[in-house]
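Q:
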Amino acid sequence: MQKIRILDAEFFDRDCLVVAPDLIGKILVHKLPDGTELRERITETEAYRGEEDKACHASKGRTKRAEMLYHKSGTIYVYICYGSNHMMNVVTGEEDHPQGVLFRAGEFHKGPGRFTKALQITKVLNGQSIVKNPEIWIEDDGDFYSWHTEKRVGIDYAGDIWKNKPWRWVMDEQEY
DNA sequence: TTAGTGATATCC
DNA sequence: GATATCACTAAA
Numbered sequence: 000m001q002k003i004r005i006l007d008a009e010f011f012d013r014d015c016l017v018v019a020p021d022l023i024g025k026i027l028v029h030k031l032p033d034g035t036e037l038r039e040r041i042t043e044t045e046a047y048r049g050e051e052d053k054a055c056h057a058s059k060g061r062t063k064r065a066e067m068l069y070h071k072s073g074t075i076y077v078y079i080c081y082g083s084n085h086m087m088n089v090v091t092g093e094e095d096h097p098q099g100v101l102f103r104a105g106e107f108h109k110g111p112g113r114f115t116k117a118l119q120i121t122k123v124l125n126g127q128s129i130v131k132n133p134e135i136w137i138e139d140d141g142d143f144y145s146w147h148t149e150k151r152v153g154i155d156y157a158g159d160i161w162k163n164k165p166w167r168w169v170m171d172e173q174e175y
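First residue of the first sequence? That's 0 in numbering that gives the first Met the number 0, and the numbers climb one at a time after it.
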């Protein structure tokens with residue numbers, strides 16, 4: 000029985016390329032106003048790193064939407080894509096360097112839109128912190144899960160250099 | 001494969 | 001103000 004550890008500011012205060020794989024297998028917990036705790040193990044993440052990353056929202060500069068990426072690590076960045084899909088990211092690395100990790104899937108819900116829908120993640124969480132927050136946090140139960148990298152998806156507009164970066168981490172299928 | 005969805009950035 | 005674009009999903 001491992002001791003459960005809640006991820007702190009130090010965890011997110013590292014480069015997104017280090018944080019993204021380290022988040023695989025961790026458990027995202029969202030506590031609703033009525034006290035219900037929704038939890039799901041993270042199985043897939045993607046990293047978006049800096050203004051030079053053409054796939055990163057901050058590639059167009061410090062726009063209103065990308066503003067959150069410039070905040071300090073641990074800040075939650077939620078935005079709505081294609082109408083009704085909420086995408087959830089956590090800002091990583093040092094302040095004023097726009098980078099973050101996108102939560103792409105959980106163990107029960109594949110796909111970033113489904114994952115946030117299942118956990119009832121909405122844009123009201125945008126700009127909040129994921130550390131020292133009584134409503135949402137990430138737990139590390141000590142279990143280890145192996146993973147592999149793949150190319151990021153859904154960013155064909157970013158050009159060959161950036162869309163081919165192996166900045167997507169996927170948990171390996173469990174053996175039965 | 002295609003339709004639907006609405007916030008955002010960009011262009012009048 | 002108008003348009004084009006999009007880190008997607010569901011239905012066919």
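Glycine included, each C-beta is placed from N, C-alpha and C at the ideal position.
Does the beta-carbon distance from Val77 to Thr115 come in below 9 Å?
A: Taking 9 Å as the Cβ cut-off, Val77 and Thr115 qualify as a contacting pair.
Q: Tell me the DSSP bridge mates of Ala46?
A: Beta-bridge pairing links Ala46 to Val100.
Q: Between the Cα of Thr91 and the Cα atoms of Val28, Ser128, Leu124, which residue gives the shortest distance?
A: Answer by Cα proximity: Ser128.
Q: Are Ile3 and Asp140 close, meaning C-beta to C-beta below 9 Å?
A: Yes, they are a contact pair.
Q: Going by CA-CA distance only, name the one from Thr62, Arg48, His70 that's closest to Lys164.
A: Nearest option by C-alpha distance: Arg48.
Q: On the DSSP bridge assignment, give the partners of Ile137 in chain order.
A: BP columns for Ile137 point to Leu27.
Q: When burial is assigned at 16 or more other CB atoms within 10 Å of the CB, is Ile120 buried or exposed?
A: That one is buried.
Q: Looking only at C-alpha atoms, which of Trp146, Glu94, Ser145, Ser83 sits nearest to Gly73?
A: Measuring from the Cα of Gly73, the nearest candidate turns out to be Glu94.
Q: In or out: Ile160 buried (at least 16 other Cβ within 10 Å) or exposed?
A: Exposed, since its Cβ has fewer than 16 Cβ neighbours within 10 Å.
Q: Determine the DSSP secondary structure at Thr74, reduced to helix, strand or coil.
A: Reduced to three states, the DSSP call for Thr74 is strand.
Q: Do the segment 52-69 and the segment 13-33 meet, that is, are 3 or more Cβ pairs less than 8 Å apart?
A: In short, these stretches do not touch, since the Cβ pair count stays below three.
Q: Would you call the segment 49-56 and the segment 97-111 touching, i.e. three or more CB-CB distances under 8 Å?
A: The segment 49-56, when compared against the segment 97-111, does touch it at the 8 Å Cβ threshold.
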